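Scroll down for the structure; my scribbles are underneath it.
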Amino acid sequence: MKNSKVFFIVLAVVALLPMAACGRTHVKSSDYFVTQPVKQKLGSFDKISVIGSVDVEFTVGNTRSMEIYGADNVIQYVELSVRNNTLYVNLSNDVNIYGKTRLTLLVTAPTLTEISVSGSGDVEVLGRCTTLTGIDLTGSGDVEVRNLNVASFKATVAGSGDVELNNLTAKRVDLSLTGSGDIEVRGTADKATYSVKGSGDIDAEHLVVRELTASVLGSGDIECYAEESLDATVSGSGEISYRGNPAKVNRSGRESSIHRDY
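Letter by letter, the sequence shown follows residues -20 to -1, 1 to 242 in mature numbering (1 follows the signal peptide of the UniProt record, and there is no 0).
Here it is, written out as structure tokens:
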């Protein structure tokens, strides 16, 4: 009797799934793209979390403004909210948009401390940023920061998206990659730690680091630059190649897996 009840409950749930999908609004985006100011009243924030497929372009500036760029008939479906100093950016679950679906949130503000991406949207930071200390990427979206000057910075990638950092200046840098995405970084740092677990790559041969620790577990690769010291560990089929002329080099792993790139 119990098994029969369970069977009919499961059958009812399965039957309702197509109905739920059919309940979504299907919208074909128009060919008329516009930029509209966000009129919604939102609280102050210094963090951004992208959950859906909306892109974000953040510009460091003294004033505060927010606009949405996209097809005029789909802009209304961008959902914004602020909780705990975090701006959440999403696309309504009640709509299925097809056609030219690009939507971009244009934000100007003086401070941005953290970026989180768990969807497919991309984030780009323009201007010289001195407050961003962390990027957490678990989705398929990409994050690009053009100019970053901070005391410490940490990037964690656990999805398939990529992180690109240009003109980075920091005392401490931590890069962790556990998915299939890539991290590319250029600049200078006093100390840095790189960790790859999986098939992704860290391209940091243009980040000049004084003291560096790097480890690979899996098939991923690390390209790096060490000035004074390098502590390198490889377990798996991956490799660590380094530039620079560090006086102190500690190797752990296959002999051919850790090598200097002239």
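Every residue, glycine too, gets a C-beta built ideally from N, C-alpha and C. None of these values were measured; they are calculated from a predicted model.
Q. Going by other Cβ atoms of all chains shown within 10 Å of its Cβ, with 16 needed for buried, is Glu235 buried or exposed?
A. exposed
Q: Identify, in the order they occur along the chain, each residue of the same chain with its Cβ nearer than 8 Å to the Cβ of Thr84, setting aside the five sequence neighbours on each side.
A: Val34, Asp35, Val36, Glu37, Ile48, Tyr49, Gly50
Q. Which of helix, strand or coil does DSSP assign to Tyr205?
A. strand
Q. Can you give the Cα-Cα distance for Gly74 and His6, rounded to whole angstroms?
A. The residue you asked about is not Gly; residue 74 is Asp in the sequence shown. Going from the Cα of Asp74 to the Cα of His6 covers about 9 Å.
Q: Pick helix, strand or coil for Gln20, following the three-state DSSP scheme.
A: coil
Q. Taking Val103 as the reference, which of Tyr68, Lys80, Ile77 has the closest Cα?
A. Considering only Tyr68, Lys80, Ile77, the residue with the shortest C-alpha distance to Val103 is Tyr68.
Q. Ordered along the chain, which non-local residues of its own chain (more than five positions away) have a Cβ less than 6 Å from that of Lys177?
A. Thr158, Leu197, Gly198
Q. For Tyr78, is the classification buried or exposed, using 16 other Cβ atoms within 10 angstroms of its Cβ as the cut-off for buried?
A. Exposed: under 16 other Cβ atoms inside 10 Å.
Q | Ala184 classed as buried or exposed, judged by whether at least 16 other C-beta atoms fall within 10 angstroms | A | The Cβ neighbour count for Ala184, taken over all protein chains shown within 10 Å, is at least 16; the residue is labelled buried.
Q. Skipping 5 residues on each side, what residues in its chain have a beta carbon closer than 6 Å to that of Met46?
A. For Met46, where only same-chain residues beyond five positions count, the Cβ hits under 6 Å are Val18, Val87.
Q: Verify whether the separation of the beta carbon atoms of Leu92 and Asp26 is less than 9 Å.
A: yes
(Q) On the DSSP letters alone, give me the boundaries of the beta strand (DSSP E) that Phe38 sits inside. (A) 35 to 40
**Q.** Bridge-paired residues (DSSP) for Val214
**A.** Val196
Q.
Check this for me: beta carbons of Arg126 and Val105, under 9 Å apart or not?
A. yes
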